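Report on the following structure.
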Amino acid sequence: MNIRRGPEFSRIAGLGVARGENAVPNEDIIEPINSSDEWIRKMTGIATRVRANADTSVIDLSERASREALEAAGLEGGDIDAVILSTITYPHMTPGGAPVLADRLGSTGAAFDISAACAGYCYGIGQADALVRSGSARNVLVVGAEKMSDFVDPADRSISYLLGDAAGAVVVSGSDTPGIGPTVWGSDGSGAQLIRQTASWLEVRDDADTAFPTLYQEGPSVFKWASFKMAPVALQAIEAAGITPDDIKAFIPHQANVRIIDQMVKQIGLPSHVAVGKDIVDSGNTSAASIPLATERLLRDGDATSGDLALQIGFGAGLVYAAQVVVLP
Amino acid sequence: MADKNEILAGLAEIVAEETGLETAEVQLDKSFTDDLDIDSLSMMTIVTLAEEKFDVRIPDEKVKDLTTVGDAVDYIAGAQG
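In order, the protein sequence lines correspond to chains S and B. All residue numbers for the first sequence refer to the UniProt record's numbering, where the first residue is 1 and numbers rise by one. All residue numbers for the second sequence refer to the UniProt record's numbering, where the first residue is 1 and numbers rise by one.
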């Protein structure tokens, strides 16, 4: 029996992003939660969150980001052997969104969705790295895309006001040099209730009083877990890559909350020269899209450049998490 | 195992580090929220650092019951066994 082998290394060959068309300031959402611009900034660091037009779908956002990533990589849809779409807001249980996206892009490669919430992008990078190096795919498109605004309750004070709509996409291809370090990942299902959909679809079906499901989180518990339990994971990813924190040029965590990001920086002990992704201030928490968005922002603002080593870590509902060191495209 | 005075002193250091308050302001009868202006996220940071410092476990669902500094000192003293 034959087996396949791929190139020794993989890398991120191109990046693309698509933010929701509207920047929604805190003032526009505070009334139903009886809050203030000052309180939201103090508790989260968020000034605006990007939200998509009603007629823009999560696949529309994905397509825009993917076309940009393909162009940056110098590839066309037909060159993509696998499409991995990480989303928790594609509004169909089946079929998945990835085949629909692949078809729009002109790819007939393998296509599947993953449900790893805010860790989904890093889960996708880990899978893409493995697919390329095993020879299962030459080029893999990894997309983190969410239209969170379809699943928010404007009166919810736990999470809804944080959330934005966006997609981030990268192409992962073979490389002559290491471009994606080992993925350190895991889960803690004992915390499954900490970030959740408010009701199952069966409860909606069976109980006329059950409202359309939206997202909910136990904010302080999630803060504690993310701020203090994820720093060791980040350090493991650095160690697994065979580098030290001094070698890192950029830290790009999931954009959950500026307070979490700041505490993680402290707990990891990152040197002051490391650029820290804080796109959340303007884009909000866009779940699986947030790391590519923050990456794009650092590159656009000149805080990081192509070829830099970046530490990225995603964490969220599950609970699930994944981290790896990557070379920025 | 720390006695209650030592727990108060250790907790005051953690609160001062997190909030910028003077350690002398962290007294047993002070309310974390009303007197010390500590929000829910800072409270979780203080709880986590106290867990590490005193080698105790403070479950998330117990944190809401820790209204005053004295409540926290008592809980930590009890949790030390």
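Yeah, the Cβ is synthetic: ideal placement off N, Cα and C, and Gly gets one too. Given the structure is predicted, the values throughout are model-derived calculations rather than measurements.
- Chain B has no Cβ within less than 8 Å of the Cβ of GLN255(S).
- Per DSSP, reduced to three states, the secondary structure at ALA18(S) is strand.
- Assignment of beta strand (DSSP E) within the region 32-112 of chain S, counting only whole runs of 3 or more residues, yields 48-51 and 82-86 in chain order.
- Residue pairing by DSSP puts PRO253(S) in a beta bridge opposite ILE313(S).
- In its chain, beyond the 5 residues on either side, ILE84, GLY96 and ALA98 have a beta carbon closer than 7 Å to the beta carbon of PHE112(S).
- For PHE151(S), the CB contacts under 6 Å within the same chain, skipping 5 residues up- and downstream, are THR89, THR214 and LEU215 in chain order.
- PHE315(S) counts as buried, since no fewer than 16 other beta carbons sit within 10 angstroms of its beta carbon.
- The region 59-68 of chain S makes no contact with the region 39-48 of chain S; the number of CB pairs closer than 8 Å stays below 3.
- Those residues of the UniProt domain "Carrier" (2-80) of chain B placed with their C-beta closer than 8 Å to a C-beta in chain S are ASP39, SER40, LEU41, MET43, MET44, THR45, VAL47, THR48, ASP60 and VAL63, ordered along the chain.
- For ALA322(S), the uninterrupted beta strand (DSSP E) run begins and ends at 320-327, by DSSP.
- Within the same chain, and ignoring the five residues on either side of ARG259(S) in sequence, the residues whose Cβ sits closer than 8 Å to its Cβ are MET43, THR44, GLY45, PHE223 and SER227.
- A distance below 8 Å separates the beta carbons of VAL132(S) and GLY174(S).
- Straight-line measurement puts the Cα of GLY269(S) at about 30 Å from the Cα of ALA167(S).
- The Cβ atoms of GLN255(S) and SER283(S) lie closer than 8 Å to each other.
- Classified as buried, LEU101(S) has 16 or more neighbouring CB atoms from the shown chains inside 10 Å of its CB.
- Taking the CA atoms as reference points, ARG19(S) sits about 7 Å from LEU61(S).
- Per the Cβ contact rule, the region 19-34 of chain B is not in contact with the region 198-218 of chain S (fewer than 3 Cβ pairs under 8 Å).
- In its chain, beyond the 5 residues on either side, GLY20, ARG49, VAL50, ARG51, MET148, SER283, GLY284, ASN285 and THR286 have a beta carbon closer than 7 Å to the beta carbon of GLY164(S).
- SER290(S) has a beta carbon lying at 8 Å or more from every beta carbon in chain B.
- Around the CB of TRP225(S), 16 or more other CB atoms lie within 10 Å, so the residue is classed as buried.
- For the set GLY135(S), ASP246(S) and ASP55(S), the Cα lying nearest the Cα of GLU8(S) is the one of GLY135(S).
- Taken in chain order, the unbroken stretches of alpha helix (DSSP H) that lie wholly in the region 185-258 of chain S and span 4 residues or more are 201-206, 219-224 and 230-240.
- A direct Cα-to-Cα measurement between LEU202(S) and MET93(S) gives close to 13 Å.
- For the pair VAL184(S) and VAL140(S), the CB atoms are not nearer than the 8 Å cut-off.
- Sequence-distant Cβ neighbours of ASN22(S) in its own chain, meaning closer than 8 Å and more than five residues away, are VAL50, ARG51, ALA52 and ASN53.
- Rounded to the nearest angstrom, the Cβ distance from GLN193(S) to ALA231(S) is 23 Å, too far for a contact under 8 Å.
- With the criterion set as a beta carbon lying under 8 Å from some beta carbon of chain B, the members of the region 208-237 of chain S are GLU218, GLY219, PRO220, SER221, PHE223, LYS224, SER227 and PHE228, in sequence order.
- For the region 35-66 of chain S, residues whose beta-carbon sits nearer than 8 Å to a beta-carbon of chain B comprise LYS42 and MET43.
- Listed along chain B, no residue sits closer than 8 Å to ARG157(S) by beta-carbon distance, the nearest being about 11 Å off.
- Using beta-carbon distances, ARG11(S) does not count as an interface residue toward chain B, since no partner is under 8 Å.
- In this structure the region 22-32 of chain B does not touch the region 56-64 of chain B; the number of beta carbon pairs closer than 8 Å is below three.
- ILE12(S) has its alpha-carbon roughly 9 Å from the corresponding atom of ALA73(S).
- Taking C-beta separations shorter than 8 Å and ignoring five residues to either side along the sequence, the partners of ALA237(S) in its chain run GLY181, PRO182, THR183, VAL184, LEU311, ILE313, ALA323, GLN324 and VAL325, following chain order.
- Look at GLN263(S): its C-beta is under 8 Å from a C-beta on chain B.
- Cβ-Cβ distances below 6 Å link PRO154(S) to PRO32 in the same chain, with the five nearest sequence neighbours on each side left out; the list follows chain order.
- Counting along the chain, GLY10(B) sits inside the alpha helix (DSSP H) bounded by residues 4-19.
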